[in-house]
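Trainee: Take this structure, written in structure tokens, and hold onto it; I'll ask about it next.
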């Protein structure tokens, strides 16, 4: 090989060393063509007896010609991309896909080799012998095919790596989402368990305690009745614990209407304090559209309101109203004439504030009005959806 081509080869090697992992397809194509064309040039000049008559102009024309005849190879790359988009590539097991895909390969490679041999007299100043003509044609065609295969392997590995990275990213996102859902479910179970313990379980224990406390001031016949009622509360508490355990395990019984739950709460608290219920007749037909989560949140708040009236208000009269003041919502009101409390002194934690936040999260709204010596008024606003508003209004 002449010193000129050796110097060009050294430049190409230096380029490869500097960017071994960032070669685009056209860069690999040019380097592969360079290595294929340098031996071909020496073969031509040797066959023509021109090995000692190479001029810079001749070398420049030959190099320019070799670059020009590679245009068919470059032009076939969009065609190959289109074939891959149609599913006609070397990944497909069908014979017709292989024939079409590699047919484009071979046609582009052979066309470039034939054009260079045909135009060689312009670059070299002499006509090629027939044997040399076809040798150079197939030599460049082989060089082009090798280059295309190298580009395909490079791009295939790159696509495979990108697909692997995308799949890995999706798996990480799915894992993070699953962890988040697991944490959210665990928090929800803890919150529901705390609400159950703070609500109905606590209220029934207080009912039983109040009934047992009255035994000290009654005669034998009345004591028997109070004991029976306390036993009934404890039996209900046992049944409630089993039911709530099933709910937390995901096998809860069908959701009862909110009106039935409110009526049961009023009946239960009526044993220890004067409480009445006023329910609009159209409410049971409408409340089914509120949804089970809103039902549960509202029931917990009604129970908390009655429990606070029993424990703190020392009320002589408690009223629970369940009505529909407008087509847009249902309203539950728990009102007593007890001691009340100053604004800002409402209990924190899981009581009214925590249950009110839970109701707001599910679409409802809690309003609390109380003044010292003027009792307490608890208002639950439960919005109806647009469909129900239009049908029942």
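Residue numbers (the numbering used here): 249 to 641.
All C-beta atoms in this analysis are idealised placements derived from N, C-alpha and C, irrespective of residue type, glycine included.
Owing to the predicted nature of the structure, the values given are computational and were not obtained by experimental measurement.
Is residue 376 helix, strand or coil by DSSP?
Mentor: coil
Trainee: For residue 622 and residue 558, what's the separation of their Cα atoms in angstroms?
Mentor: 16 Å
Trainee: How should residue 552 be labelled, buried or exposed, when 16 other C-beta atoms within 10 angstroms of its C-beta is the threshold for buried?
Mentor: buried
Trainee: Once DSSP output is grouped into helix, strand and coil, what is the label at residue 569?
Mentor: strand
Trainee: Using a Cβ-Cβ cut-off of 8 Å (strictly less than) and excluding sequence neighbours within five positions of residue 572, which residues of its own chain qualify?
Mentor: 528, 530, 531, 534, 578, 579
Trainee: Which of the three DSSP states is assigned to residue 618 in this structure?
Mentor: strand
Trainee: In whole angstroms, give me the CA-to-CA distance for residue 385 and residue 410.
Mentor: Roughly 37 Å between the two C-alpha positions.
Trainee: Express the C-alpha separation of residue 610 and residue 603 in angstroms, rounding to a whole number.
Mentor: The straight-line gap from Cα to Cα measures roughly 11 Å.
Trainee: With three or more beta-carbon pairs closer than 8 Å as the criterion, would you say the segment 515-526 touches the segment 535-544?
Mentor: no
Trainee: In three-state DSSP terms, what is residue 527?
Mentor: The DSSP-derived three-state label of residue 527 is strand.
Trainee: Given the structure, does residue 376 come close to the ligand NAP, in the sense that its CB is under 7 Å from one of the ligand's heavy atoms?
Mentor: Because no ligand of any kind appears in the structure shown, any question about the ligand NAP cannot be addressed here.
Trainee: So, with DSSP's three-state summary, where would you put residue 269?
Mentor: Because residue 269 sits at a pLDDT of 41, beneath the cut-off of 50, its placement in the model cannot be relied upon, and the following sentence gives the value as read from the coordinates. Residue 269: coil per DSSP, three-state reduction.
Trainee: If you draw a straight line from the alpha carbon of residue 620 to that of residue 589, how long is it in whole angstroms?
Mentor: 5 Å
Trainee: Are there 16 or more other CB atoms within 10 angstroms of the CB of residue 509, so buried, or fewer, so exposed?
Mentor: buried
Trainee: Any idea if residue 582 is buried or exposed, counting beta-carbon neighbours within 10 angstroms, 16 or more meaning buried?
Mentor: buried
Trainee: Hey, residue 522 and residue 565 are a contact pair by Cβ (cut 8 Å); roughly how many whole angstroms apart?
Mentor: 6 Å
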